[in-house]
Structure formats: C-alpha cells, structure tokens
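Participant:
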Amino acid sequence: MNTQQFGAVKWFNESKGFGFITPDAGGADLFVHFSAIESDGFRTLQENQRVSYTAGTGAKGPQALNVKAA
1 MNTQQFGAVK WFNESKGFGF ITPDAGGADL FVHFSAIESD GFRTLQENQR
51 VSYTAGTGAK GPQALNVKAA
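Note that the sequence shown covers residues 1 to 70 in full-length UniProt numbering.
Below, the structure written as structure tokens:
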C-alpha cells in the first residue's frame, strides 16, 4: 500500500518534462515525470515547491507518483 508523502521540488526541467523531489522523510531524491503531476492544464513544478506524492518504482528506479501541490 502506498502512503502519501511530502517533499520539496529540487528542480524541474519544463522543456524535458522531468525533475526530482527531495523527500521530507530523508533518503534519496525521487524522479518525477510530468505525467505523474495531477493538475489541470500545463503540468509543471517550480523549484522548492511543496508537494505531496506517493512513492513508486519506475523503469529506472524510485519515482514520485500522483504528485500534487501541497
């Protein structure tokens, strides 16, 4: 079962559509793809933006899913 977690956006590249989130709980930064952002319209994140997410595993390792502005 995935539980909601919180963190801050380390960086996000709008043109490439991905970035990383630093978890509040510590540990390795999580990859985030624009398709995992739950938002109407243009899906992007800003540096240091607070977010909630669930942690999952993608093709290349740990990643953030169901990302929402916190």
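Idealized CB from N, CA, C, for every residue including glycine.
This structure is a prediction, so every number in the text was calculated from the model and none was measured.
Please classify residue 63 as buried or exposed, where buried requires at least 16 other C-beta atoms within 10 Å of its C-beta.
Facilitator: buried
Participant: Rounded to whole angstroms, what is the Cα-Cα separation between residue 68 and residue 38?
Facilitator: 6 angstroms
Participant: What's the gap between the Cα of residue 6 and the Cα of residue 46?
Facilitator: 15 angstroms
Participant: In the structure shown, what three-state DSSP assignment does residue 59 receive?
Facilitator: coil
Participant: Taking just the CA atoms, how far does residue 34 sit from residue 14?
Facilitator: Straight through space, the alpha carbons of residue 34 and residue 14 are spaced by roughly 8 angstroms.
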